[in-house]
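To start, the structure under review is shown below, and the notes come after it.
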Amino acid sequence: MKVLVTGGAGFIGSHTTIELIAQKHDVLIIDNFSNSSLEVIRRIEKISKKTCEFLNMDIRETSKLIAVFEKFVPDCVIHFAGLKSVGDSIIFPLDYYDNNFLGSLSLLKAMDASGCKKIIYSSSATVYGEPKYVPLDEKHPCEPVNPYGKTKLFVEEMLKDWATSKDKNSAIILRYFNPVGAHSSGLLGEDPLGVPNNLMPIIADVAIGKLPHINIYGNDYSTRDGTGERDYVHVVDLAQAHVAAVKKVSQRDFDVFNIGTGSGTTVLELIEEFKKASGKKISTNFVNRRMGDVAISIASVEKAKDELSWSAVKDIKDMSSDAWRWKIQNMTE
Ligand code: NAD
Ligand code: UFG
Numbered sequence: 190m191k192v193l194v195t196g197g198a199g200f201i202g203s204h205t206t207i208e209l210i211a212q213k214h215d216v217l218i219i220d221n222f223s224n225s226s227l228e229v230i231r232r233i234e235k236i237s238k239k240t241c242e243f244l245n246m247d248i249r250e251t252s253k254l255i256a257v258f259e260k261f262v263p264d265c266v267i268h269f270a271g272l273k274s275v276g277d278s279i280i281f282p283l284d285y286y287d288n289n290f291l292g293s294l295s296l297l298k299a300m301d302a303s304g305c306k307k308i309i310y311s312s313s314a315t316v317y318g319e320p321k322y323v324p325l326d327e328k329h330p331c332e333p334v335n336p337y338g339k340t341k342l343f344v345e346e347m348l349k350d351w352a353t354s355k356d357k358n359s360a361i362i363l364r365y366f367n368p369v370g371a372h373s374s375g376l377l378g379e380d381p382l383g384v385p386n387n388l389m390p391i392i393a394d395v396a397i398g399k400l401p402h403i404n405i406y407g408n409d410y411s412t413r414d415g416t417g418e419r420d421y422v423h424v425v426d427l428a429q430a431h432v433a434a435v436k437k438v439s440q441r442d443f444d445v446f447n448i449g450t451g452s453g454t455t456v457l458e459l460i461e462e463f464k465k466a467s468g469k470k471i472s473t474n475f476v477n478r479r480m481g482d483v484a485i486s487i488a489s490v491e492k493a494k495d496e497l498s499w500s501a502v503k504d505i506k507d508m509s510s511d512a513w514r515w516k517i518q519n520m521t522e
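Going by this note's numbering, the first residue of the sequence shown is number 190, and it counts up by one from there.
Given below as structure tokens:
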């Protein structure tokens, strides 16, 4: 299939591009490189041993985008491009509505103009808000508590309306839980700008000596050891979930799938696993809970297993050792 990948130079998009190429799909990446670099394209080519077609452009440039769709004529779009920091979205909400919502609107306009009818969309477990029960299934109410989560939910709603508006329009929403890890080659991984906000990149920075210690946000949650529990999913498993969705998208008008492992790991458990993977000391410091954090977030993964024939196969050990390999091979100041 011809697959147009927005945000394909980013963390999840680059790993997905590798899996798509491995399955013989013909890929075109569109990325404005606001949170990635041309080096990622070079590395995709190194791993896949194929030329990686890409365009440096913003998905909000609708008329340029229509011209790209008319030339490439994709069968399907996978839409990763967007902003993803919960904290920034609270400080700069309009940037999030502009990029995430208007970017997606522009993309759908280009799809309509050129007759492209299939899309897979990157959503997030953050759309659920405070869990009323765990594991979270796809029927759990969606009540996002920050602007980032709202943009994700609003785009889901827009896609639902778009998918039902015309025969043959199809959209699959993938709600990721906590993507971590890196490609086993050590050539691709997560490269956050500035000081990272998420647990795994912070642990890696402490292990390598870039940060002195990790602040653990709260030790009084109702979990096994009092620290926050999450469903971490390896980015390569996540990438393969997109390939599975591409196979199924034409059989659906609109559908939503959780993408996780179905099991949880606490902050302390992840630190222990990373110590083993790296052989390094990781200093910790308990501090107050972080505002907006929930105690537990775990996916119900039955629907993805039954209907996409996809399940995660990699565990916390793989996630830690791959993230560590990526870190030591790509040390930056
Ligand atoms: P990322 O920042 O690494 O990748 C996003 C890519 O999109 C970057 O390469 C960036 O340069 C590009 N981009 C941003 N705005 C663009 C625009 N207007 N036009 C063209 N390119 C643009 O992020 P990621 O972790 O790979 O996340 C991909 C998607 O998955 C995002 O939509 C994110 O909201 C969603 N998601 C991520 C996580 C996570 O923890 N990483 C969790 C749930 C959902
Ligand atoms: N944590 C710490 N110390 C840190 C960073 C995190 O103790 O320095 C803890 C958090 O309190 C939480 C756990 O580690 O208990 C995981 O935190 P992350 O920031 O890695 O992940 P979140 O679950 O808070 O959020 C992530 C993404 C969101 C996304 C959400 C659901 O950052 O964008 O998963 O998909 F919406």
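The beta-carbon is built from N, C-alpha and C at its ideal position, and this holds for glycine as well. Everything numeric in this text was worked out from a predicted model, so none of it was measured.
Give the DSSP-derived three-state secondary structure of F366 in the structure shown.
-> Coil, per DSSP.
S311 by DSSP, collapsed to three states: which one?
-> In the structure shown, S311 sits in a strand (DSSP, three-state: E or B).
Verify whether the separation of the beta carbon atoms of S498 and A433 is less than 8 Å.
-> A contact, by the Cβ cut-off of 8 Å.
Could you name the residues that DSSP lists as bridge partners for D220?
-> N245, per the DSSP bridge assignment.
Along the alpha helix (DSSP H) that carries K191, what are the first and last residues, could you check?
-> Here K191 belongs to no alpha helix (DSSP H); instead the beta strand (DSSP E) covers 191–195.
If D215 and V192 are in contact, beta carbons under 8 Å, what's the gap, nearest whole angstrom?
-> V192 and D215 do touch by the CB rule: their CB atoms are close to 7 Å apart, below 8 Å.
Hey, how far is the Cα of Y406 from the Cα of R479?
-> Going by C-alpha positions, Y406 is about 6 Å away from R479.
Out of V435, S223, Y337, state which residue places its alpha-carbon closest to the alpha-carbon of Y285.
-> Residue Y337 holds the alpha-carbon nearest to the alpha-carbon of Y285 among V435, S223, Y337.
Using 8 Å as the Cβ pair cut-off and three pairs as the minimum, do the region 354–361 and the region 301–317 touch?
-> The region 354–361 vs the region 301–317: in contact.
Between the Cα of E346 and the Cα atoms of D444, D356, V275, which residue gives the shortest distance?
-> Residue D444 is the option with its Cα nearest to E346.
Using the rule of at least 16 other Cβ atoms within 10 Å of the residue's Cβ for burial, across every protein chain shown, is D409 buried or exposed?
-> Exposed, by the Cβ-count rule.
Quick one: grab the DSSP three-state call for E319.
-> Secondary structure at E319: coil, using DSSP grouped into helix, strand and coil.
Per DSSP, cross-strand counterpart(s) of L325 = Within the DSSP secondary-structure output, L325 pairs in a beta bridge with A488.
Integer-rounded CB distance, given that A270 should sit under 8 Å from I248 = Indeed they touch by this definition, with Cβ atoms about 5 Å apart.
Could you tell me if the beta carbon of S500 falls within a distance shorter than 7 Å of some heavy atom in the ligand NAD?
-> S500 has its Cβ no nearer than 7 Å to any heavy atom of the ligand NAD.
Could you say if the region 503–516 and the region 454–463 meet the contact criterion of at least three C-beta pairs nearer than 8 Å?
-> As far as the Cβ criterion goes, the region 503–516 touches the region 454–463, which means the pair count is three or higher.
In chain order, what residues of the same chain lie with their CB nearer than 8 Å to the CB of P333, ignoring the 5 residues before and after it?
-> Correct list, in chain order: T315, V316, Y317, G318, K339, K341, L342.
Below-8 Å beta-carbon distance, N335 vs any chain B residue = The structure shown contains no chain B; it is built from a single protein chain.
Between the CA atoms of M300 and A198 - distance to the nearest angstrom | Roughly 21 Å between the two C-alpha positions.
S439 to V384, Cα distance in whole Å?
-> Answer to the nearest angstrom: the Cα atoms are 41 Å apart.
Taking 7 Å as the line, does the beta carbon of N447 fall inside it for any heavy atom of the ligand PLP?
-> In terms of ligand content, the structure shown lacks the ligand PLP and carries the ligand NAD and the ligand UFG instead.
Under a three-way DSSP split, which group does H204 fall into?
-> Here H204 carries a helix assignment [DSSP, helix/strand/coil].
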